[in-house]
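Participant:
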Amino acid sequence: MWYVSTRGMAPRVDFEGALFSGYAPDGGLYMPEKLPQLDRDTLRQWSVASYPSLVKELCSLFIGPELIPRDDLNDLIDRAFSRFRHKEVVHLSRLRNGLNVLELWHGVTYAFKDLSLCCAAQFLQYFLEKRKKHITVVVGTSGDTGSAAIESVQGAENVDIIVLLPKGRCTKIQELQMTTVLRENVHVFGVEGNSDELDEPIKAVFADVAFVKEHSLMSLNSINWSRVLVQMAHHFFAYFRCAPTLDLHPLPPVEVVVPSGGAGSLAAGFIAQKMGLPIHLVVAVNSNDIIHRAVQRGDFSLSEAVKPTLASAMDIQVPYNMERIFWLLSGSDSQVTRALMEQFERTRGVSLPKELHSKLSEAVISQSVSDEAITQTMGRCWEENQYLLCPHSAVAVSYHYQQVDGRQPSPPRCCLAPASAAKFPEAVLAAGLTPETPAEILALEHKEARCTPMRKGDDWTRMLRGLIEDLSRQWRGRFRNAPA
Numbered sequence: 008m009w010y011v012s013t014r015g016m017a018p019r020v021d022f023e024g025a026l027f028s029g030y031a032p033d034g035g036l037y038m039p040e041k042l043p044q045l046d047r048d049t050l051r052q053w054s055v056a057s058y059p060s061l062v063k064e065l066c067s068l069f070i071g072p073e074l075i076p077r078d079d080l081n082d083l084i085d086r087a088f089s090r091f092r093h094k095e096v097v098h099l100s101r102l103r104n105g106l107n108v109l110e111l112w113h114g115v116t117y118a119f120k121d122l123s124l125c126c127a128a129q130f131l132q133y134f135l136e137k138r139k140k141h142i143t144v145v146v147g148t149s150g151d152t153g154s155a156a157i158e159s160v161q162g163a164e165n166v167d168i169i170v171l172l173p174k175g176r177c178t179k180i181q182e183l184q185m186t187t188v189l190r191e192n193v194h195v196f197g198v199e200g201n202s203d204e205l206d207e208p209i210k211a212v213f214a215d216v217a218f219v220k221e222h223s224l225m226s227l228n229s230i231n232w233s234r235v236l237v238q239m240a241h242h243f244f245a246y247f248r249c250a251p252t253l254d255l256h257p258l259p260p261v262e263v264v265v266p267s268g269g270a271g272s273l274a275a276g277f278i279a280q281k282m283g284l285p286i287h288l289v290v291a292v293n294s295n296d297i298i299h300r301a302v303q304r305g306d307f308s309l310s311e312a313v314k315p316t317l318a319s320a321m322d323i324q325v326p327y328n329m330e331r332i333f334w335l336l337s338g339s340d341s342q343v344t345r346a347l348m349e350q351f352e353r354t355r356g357v358s359l360p361k362e363l364h365s366k367l368s369e370a371v372i373s374q375s376v377s378d379e380a381i382t383q384t385m386g387r388c389w390e391e392n393q394y395l396l397c398p399h400s401a402v403a404v405s406y407h408y409q410q411v412d413g414r415q416p417s418p419p420r421c422c423l424a425p426a427s428a429a430k431f432p433e434a435v436l437a438a439g440l441t442p443e444t445p446a447e448i449l450a451l452e453h454k455e456a457r458c459t460p461m462r463k464g465d466d467w468t469r470m471l472r473g474l475i476e477d478l479s480r481q482w483r484g485r486f487r488n489a490p491a
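For the sequence shown, the numbering used here gives the first residue as 8, with consecutive numbering after it.
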């Protein structure tokens, strides 16, 4: 299985190359050169599989056995999911009025990112041990990515992780999940600025190609192919749990509602669909509505500023993974994709070509959901089911209620739930409800925390480079002194 850049100007790579690169050298994103097609018999066999088994089957299609033999792959995925709280890893809650909620948040940090990052970290460590190499992962976070990335690699010998968080701008729980992990390979900076400002020193460091190579730096953000790959399993699991039968010709469709910011889970759904999974996709966004505007009007342009909302993890201006969707819908046309994305990067806005917009609007339904609709949805779900939704899950469920109230005929529907309400007590209170906080989250307040401040007036890029150089020196010292 080979991977090519969506912009067509970079050499193709294998899974290991795509995993360690993030972006391709031409600025594009890696995609499989050819997508495997799943026939009806394969789908029927997979329909009784557990979530971890589906991840194994999918990964085995996209990671060659010459890179990770199947037995090793199975072990890595079992290890990745070993700390999840639910025996199924993900769980479908069937609620009133045909509401199906797929809970993707039973990992250590109570967010869906645990699923893909735990697997990505196992793949990384597998290759690093084989190659006797060390990497430093640098992550900028607005909340959930940082804690999930820390948990996935904490204690790993061949990986150091540096996280920059916006001090005082995450929820208190999100911040504590990062600052209370006191492992030798975990380094957290608390930045006096917002998430756009803390991205600046990271961009500056990664722009120095020689420095990145010398110190083996990588990022693990949502554009990494390994994360999209694992997220495909959400769609297969949702389909198999919600399809009424697999005995019909053609197979019956299921509607999957994806709450989205960076469009990673949406891109995963498009790929699953192209492989033969009969799902209909709905994308639900908050007031930061660039994806919705692209679907409705072909308007792929930035707003003046990010609007803060209750669904804060989706307060994103640039949905990076839309590039993968544009590439797929244009028939893998890297010329069209490159011209479109380079113009977007130059001018901060493009009108999609007519044909591409037409394909996008046929392929997916979209909706933008206000804070008021989020709190109303949380309140209604509690009233009808005594079930607490997080604000991001409420963005998806809001679409479901709209369809139910309009008595729209539709196939069975599954709403993806990316986080537990336990992480967002402020939003639960805003909905007039009572937060339910698990003991392990309450315990965070009593743990020792460690965080290095990056203050206004400090040279943040210099501080980040200095830590990276120190970590490289320490690794080389350890490696030289290791027994042969």
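Where a beta carbon is used, it is the ideal one built from N, C-alpha and C, also for glycine. Source: prediction; values computed, not measured.
(1) Would Val166 pass as a contact of Leu288 if the rule is Cβ separation under 7 Å?
(2) Helix, strand or coil for Ser400 per DSSP?
(3) Gln415: which of Glu262, Ser54, Ala401, Asp46 sits nearest, CA to CA?
(4) If Tyr407 and Val264 are in contact, beta carbons under 8 Å, what's the gap, nearest whole angstrom?
(5) Kindly indicate which three-state DSSP category Arg101 falls into: helix, strand or coil?
(6) Are the beta-carbon atoms belonging to Leu347 and Leu367 less than 7 Å from one another?
(7) Mapping the DSSP letters down to three states, classify Ser479 as helix, strand or coil.
(8) Quick check on Val216: buried or exposed, where buried means 16 or more other Cβ atoms within 10 Å of its Cβ?
(9) Could you compute how far the alpha carbon of Val96 sits from the alpha carbon of Val115?
(10) Would you report the Cα separation of His364 and Val302, rounded to the nearest angstrom?
(11) Which word fits Ala450, buried or exposed, when buried means at least 16 other C-beta atoms lie within 10 angstroms of its C-beta?
(12) If I measure Cβ to Cβ from Thr187 and keep anything under 6 Å in the same chain, skipping five residues before and after, which residues do I get?
(13) So, does the region 232-252 touch the region 421-429, judging by three or more C-beta pairs under 8 Å?
(14) Please list, in chain order, all residues of the same chain as Ala279 whose beta carbon is under 7 Å from its beta carbon, the five residues on each side excluded.
(15) Hey, would you say Val235 sits closer than 7 Å to Cys126, going by beta carbons?
(16) Enumerate in chain order the residues of its own chain whose CB-to-CB distance from Glu23 is below 7 Å, with the five nearest sequence positions on each side excluded.
(17) List the DSSP bridge partners of Cys422.
(18) What is the rounded straight-line gap between the Cα of Met16 and the Cα of Tyr37?
(19) Only counting the same chain, and skipping five residues up and downstream in sequence, which positions put a Cβ closer than 6 Å to that of Ala494?
(20) Counting pairs of beta carbons, one from the region 249-257 and one from the region 295-314, are three or more of them closer than 8 Å?
(21) Would you tell me roughly how many angstroms separate the C-alpha atoms of Ser54 and Arg248, rounded to the nearest one?
(22) At which residues does the alpha helix (DSSP H) containing Leu131 begin and terminate?
(23) Let's see if you can read the secondary structure: which residues bound the beta strand (DSSP E) around Gln181?
(24) Just confirm the distance between the C-beta atoms of Ala494 and Pro266, as a whole number of angstroms; I'd bet it's less than 8 Å.
(25) Name the residue from Trp467, Leu317, Gln342 whose alpha carbon lies nearest to the alpha carbon of Pro398.
(26) Nearest by alpha-carbon distance to Val343: which of Thr354, Ala163, Glu330 is it?
(27) Should Thr441 go down as buried or exposed, given a rule of 16 or more other Cβ atoms within 10 Å for buried?
(28) State the beta-bridge partners of Met348 as determined by DSSP.
Facilitator: To lay it out plainly:
(1) Counting from 1 along the sequence shown, the entry for residue 166 is found at position 159. Counting from 1 along the sequence shown, the entry for residue 288 is found at position 281. No; because the gap between Cβ atoms is not below 7 Å, this pair is not in contact.
(2) On the sequence shown, position 393 is the one that residue 400 refers to. Correct three-state label for Ser400: helix.
(3) Within the sequence shown, numbered from 1, the residue matching residue 415 stands at position 408. The shortest Cα separation from Gln415 among Glu262, Ser54, Ala401, Asp46 belongs to Glu262.
(4) Here residue 407 refers to the residue found at position 400 when the sequence shown is read from its first residue. Here residue 264 refers to the residue found at position 257 when the sequence shown is read from its first residue. The question names Tyr, yet the displayed sequence has His at residue 407. Yes, they are in contact, since the Cβ atoms of His407 and Val264 sit about 6 Å apart, within 8 Å.
(5) Locating residue 101 in the sequence shown gives position 94, where the first residue counts as 1. Of the three classes helix, strand and coil, the one that applies to Arg101 here is strand, per DSSP.
(6) Within the sequence shown, numbered from 1, the residue matching residue 347 stands at position 340. Within the sequence shown, numbered from 1, the residue matching residue 367 stands at position 360. Taking 7 Å as the Cβ cut-off, Leu347 and Leu367 do not qualify as a contacting pair.
(7) Numbered from its first residue, the sequence shown carries residue 479 at position 472. If DSSP states are grouped into helix, strand and coil, Ser479 belongs with the helices.
(8) Counting from one through the sequence shown, the residue named residue 216 turns up at place 209. Exposed.
(9) As a working mapping, residue 96 is identified with position 89 in the sequence shown. As a working mapping, residue 115 is identified with position 108 in the sequence shown. Each residue's Cα considered, the two are about 11 Å apart.
(10) Looking up residue 364 in the sequence shown gives position 357. Looking up residue 302 in the sequence shown gives position 295. Taking the straight line from one Cα to the other gives about 7 Å.
(11) Start at 1 with the first residue of the sequence shown, and residue 450 comes out as number 443. Counting Cβ neighbours within 10 Å, Ala450 comes out exposed, since fewer than 16 surround it.
(12) Translated into the one-based positions of the sequence shown, residue 187 becomes position 180. So the list reads Leu451, Lys454, Ala456, once near-sequence residues are dropped.
(13) Contact between the region 232-252 and the region 421-429 is established, with three or more Cβ pairs separated by less than 8 Å.
(14) To locate residue 279, count along the sequence shown from 1; it is residue 272. Met239, His242, Phe243, Ile286, listed in sequence order.
(15) For this step, residue 235 is matched to residue 228 along the sequence shown. For this step, residue 126 is matched to residue 119 along the sequence shown. It is not a contact, given that the beta carbons lie outside the stated cut-off.
(16) Here residue 23 refers to the residue found at position 16 of the sequence shown. Excluding sequence neighbours, Glu23 sits near Leu74, Phe134.
(17) Residue mapping note: residue 422 aligns to position 415 of the sequence shown, counting from 1. Answer by DSSP bridge pairing, in chain order: Val108, Val264.
(18) As a working mapping, residue 16 is identified with position 9 in the sequence shown. As a working mapping, residue 37 is identified with position 30 in the sequence shown. Roughly 11 Å separates the two Cα atoms.
(19) Residue 494 is absent from the model: the chain starts at 8 and stops at 491.
(20) no
(21) Locating residue 54 in the sequence shown gives position 47, where the first residue counts as 1. Locating residue 248 in the sequence shown gives position 241, where the first residue counts as 1. Distance between the alpha carbons of Ser54 and Arg248: 8 Å.
(22) If you number the sequence shown from 1, residue 131 lands on position 124. Start and end: 120-138.
(23) Residue mapping note: residue 181 aligns to position 174 of the sequence shown, counting from 1. Run containing Gln181: none in the beta strand (DSSP E); it sits in the alpha helix (DSSP H), 179-186.
(24) In the structure as shown, the chain starts at 8 and stops at 491, and residue 494 therefore has no counterpart that could be examined.
(25) By one-based count along the sequence shown, residue 398 stands at place 391. Of the listed residues, the one whose Cα sits closest to Pro398 is Leu317.
(26) The residue you call residue 343 lines up with position 336 of the sequence shown. The candidate whose alpha carbon is nearest that of Val343 is Glu330.
(27) Residue 441 sits at position 434 when you count from the first residue of the sequence shown. Exposed.
(28) Here residue 348 corresponds to residue number 341 of the sequence shown, with the count starting at 1. Bridge partners of Met348: none, in fact.
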